[in-house]
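K.L.:
Numbering (our numbering), first residue to last: 1491 to 1702.
Quick one: the structure is below, questions incoming.
Here it is, written out as structure tokens:
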């Protein structure tokens, strides 16, 4: 840990590197979640569940490193509160991906409807835009590109809301099995919340652009 602080002190740009790692980790977890939905092999799905959990734990360590460094370093490349907010937002995305994966595993869901598949793809797309935006923070001339990525994430969030509410309405209309209805509703809610967390991360990025 002492070496980490020395690195931060000698090169404050490493804050950006750690944020990049957190953003990439969330995006990679989203790709694994797509794999969970698409695979028909039980063994492969079980492996993906474990990989998601492992990556979420790894991401927690990255967030912890950033927060420890913020407490030790006087001068930071961005507003201190903004760095903390972005690290927390990225961690929230990863946490929700893990929670969704856990719910699918807990409820032993193997039949994924169209809404679940569409929401999972939106999570993957939104997290990829977040990763791109975070990677560009170190480049001051990249403001417009970051804003475009943030707007795209917000469009994905609007699409997710529409898909979610339509899917829940269809569940109540067509699914007469109460237990099954609850399982699918909770999974849909977790997916929609994950996209919301991506949107919240985009909001933080926009604030950073204003403050820097």
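Note that the Cβ used here is the ideal one computed from N, Cα and C, for glycine as well.
1. Determine the contact status of residue 1512 and residue 1584, defining contact as a CB-CB distance below 9 Å.
2. If you follow the alpha helix (DSSP H) that residue 1664 is part of, which residue opens it and which one closes it?
3. Given a threshold of 16 other Cβ atoms within 10 Å of its Cβ, counted over all protein chains shown, does residue 1612 qualify as buried or as exposed?
4. Kindly list the residues whose CB is nearer than 6 Å to the CB of residue 1569, restricted to its own chain and excluding five residues on each side of it in sequence; keep chain order.
5. Exposed or buried, which one is residue 1668 when buried takes at least 16 other CB atoms within 10 Å?
6. Straight-line CA distance for residue 1677 to residue 1515?
7. Suppose you measure from the CA of residue 1662 to the CA of residue 1656; what does that come to, to the nearest Å?
8. So, helix, strand or coil for residue 1568, using DSSP?
9. Tell me whether residue 1597 sits in a helix, a strand or coil according to DSSP, three-state version.
10. Report buried or exposed for residue 1506, applying the criterion of at least 16 other Cβ atoms within 10 angstroms of its Cβ.
11. Just the C-alpha distance for residue 1508 and residue 1680, rounded to the nearest angstrom, thanks.
12. Where do the N-terminal and C-terminal ends of the alpha helix (DSSP H) with residue 1507 fall, by residue?
13. Going by the beta-carbon positions, is the gap between residue 1579 and residue 1690 smaller than 9 Å?
14. In terms of residues, what are the limits of the alpha helix (DSSP H) holding residue 1557?
15. How long is the line joining the alpha carbons of residue 1522 and residue 1538, rounded to whole angstroms?
16. Verify whether the separation of the beta carbon atoms of residue 1520 and residue 1610 is less than 9 Å.
17. Express the C-alpha separation of residue 1682 and residue 1557 in angstroms, rounding to a whole number.
P.N.:
Taking the geometry as given:
1. Within the chain shown, numbered from 1, the residue matching residue 1512 stands at position 22. Within the chain shown, numbered from 1, the residue matching residue 1584 stands at position 94. Yes, the pair counts as a contact, with Cβ atoms nearer than the cut-off.
2. Here residue 1664 refers to the residue found at position 174 of the chain shown. Start and end: 1633-1664.
3. What you label residue 1612 is simply residue 122 of the chain shown in a count that begins at 1. Flag for residue 1612 reads buried.
4. Translated into the one-based positions of the chain shown, residue 1569 becomes position 79. For residue 1569, where only same-chain residues beyond five positions count, the Cβ hits under 6 Å are 1701.
5. For the purposes of this step, residue 1668 is taken as residue 178 along the chain shown, with counting starting at 1. It counts as exposed.
6. Within the chain shown, the letter at position 187 stands for residue 1677. Within the chain shown, the letter at position 25 stands for residue 1515. If you take the alpha carbons of residue 1677 and residue 1515, they lie about 22 Å apart.
7. For this step, residue 1662 is matched to residue 172 along the chain shown. For this step, residue 1656 is matched to residue 166 along the chain shown. Near 10 Å, if we compare the C-alpha coordinates of residue 1656 and residue 1662.
8. Here residue 1568 refers to the residue found at position 78 when the chain shown is read from its first residue. Assigned with DSSP and collapsed to three states, residue 1568 falls in coil, not helix or strand.
9. By 1-based counting over the chain shown, the position of residue 1597 is 107. It is coil, neither helix nor strand.
10. Indexing the chain shown from 1 puts residue 1506 at position 16. Its Cβ being crowded by 16 or more others within 10 Å, residue 1506 is buried.
11. Position 18 of the chain shown, counting from 1, holds the residue named residue 1508. Position 190 of the chain shown, counting from 1, holds the residue named residue 1680. When rounded, the distance between both Cα atoms is 26 Å.
12. Counted from its first residue, the chain shown places residue 1507 at position 17. Per DSSP, residue 1507 belongs to the alpha helix (DSSP H) from 1504-1528.
13. For the purposes of this step, residue 1579 is identified with residue 89 of the chain shown, where counting begins at 1. For the purposes of this step, residue 1690 is identified with residue 200 of the chain shown, where counting begins at 1. Contact flag set, yes.
14. Here residue 1557 refers to the residue found at position 67 when the chain shown is read from its first residue. That run of the alpha helix (DSSP H) goes 1532-1562.
15. Residue 1522 sits at position 32 when you count from the first residue of the chain shown. Residue 1538 sits at position 48 when you count from the first residue of the chain shown. Each residue's alpha carbon lies about 6 Å from the other.
16. For the purposes of this step, residue 1520 is identified with residue 30 of the chain shown, where counting begins at 1. For the purposes of this step, residue 1610 is identified with residue 120 of the chain shown, where counting begins at 1. Yes; because the gap between Cβ atoms is below 9 Å, this pair is in contact.
17. As a first step, residue 1557 is located in the chain shown; it is residue number 67 there, counting from the start. As a first step, residue 1682 is located in the chain shown; it is residue number 192 there, counting from the start. When rounded, the distance between both Cα atoms is 28 Å.
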